[in-house]
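Using my numbering, the letters of the sequence shown map in sequence onto residues -9 to 146. A virtual CB, placed ideally from N, CA and C, is assigned to each residue, including glycine.
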Amino acid sequence: MKKILWSILASSIIIGISVLVIFNRAISPYEKQKHAISHLVISEGILKHVERFYLYQADQKVLSVLGKNSSGEHIYVITEENNTAHLYYKREFITEEQAVQVVQSIDNDSKILHTVLGWYKQQPVWEIAYVINKYQLCYMTISAYDGKIIRHIKST
């Protein structure tokens, strides 16, 4: 009877450890980066909580978050690969929806894949990835300040 109990206990421990290992590997680098930047801006007192996370990867990897500060104001925090952080009030930028409208005004049959806040050529940008004609992948980089198109890439 003792051997059976020890076998059950050992099996339970092995299964538990296996589940933890699988769970740890299942957490993607995306989720780890999201957690790291969110933890940093909250622990440093920049934001009280994070509402949105963006991962931008053009000429460099840029992590950005949107959240509220202690005064309840919406703040964007954009961090470059060299750990330089830029803080902006949400009201300083065009909205994500307005950036999408810029794309749709040029390619009105576009299917939006994602919209990401990033940093390109020393300025905050919205990058919109979208598809036209079912298969043609396109990217548009738009100034977050005024909605002007900075770069427009269409695959052939």
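Among LYS(-8), GLN94, GLN47 and SER33, which one has its Cα closest to the Cα of TYR120? GLN94
Please say whether GLU70 and GLN47 have beta carbons closer to each other than 8 Å? no
Pop quiz: VAL31 and VAL90 are said to be a contact at Cβ under 8 Å. What is the actual Cβ separation, rounded to whole angstroms? About 25 Å separates the two Cβ atoms, so there is no contact after all.
Residue environment, SER100, which counts as buried when at least 16 other CB atoms sit within 10 Å: buried
So is the beta-carbon of TRP116 under 7 Å away from any non-hydrogen atom of the ligand HEM? The ligand content of the structure shown is nil, which means the ligand HEM is not present either.
Leaving out five residues before and five after VAL40 in sequence, what residues of the same chain have Cβ atoms less than 6 Å from its Cβ? SER28, VAL55 and GLY57
Among the candidates HIS142, THR146, VAL115 and GLN126, whose CA atom is the shortest distance from the CA of TYR135? VAL115
Taking ASN59 and LEU37 to be in contact with their CB atoms under 8 Å, please state how far apart those CB atoms are, rounded to whole angstroms. 6 Å
Please confirm whether ASP97 and ILE122 have their CB atoms less than 8 Å apart. yes
Let me confirm a value: ILE(-2) is counted as buried when at least 16 other C-beta atoms fall within 10 Å, else exposed. Which label applies? exposed
Excluding the five sequence neighbours on either side, which residues of its own chain have a C-beta within less than 6 Å of the C-beta of GLU82, listed in chain order? none
By alpha-carbon positions, which one of GLY108, ARG42, HIS76 and LEU107 ends up nearest to LYS24? ARG42
Can you name, in chain order, every residue of its own chain whose Cβ lies under 8 Å from the Cβ of GLY35, other than the five neighbours on each side? SER60
Am I right that VAL92 and ILE139 are in contact with their C-beta atoms under 8 Å? What's the rounded C-beta distance? 7 Å
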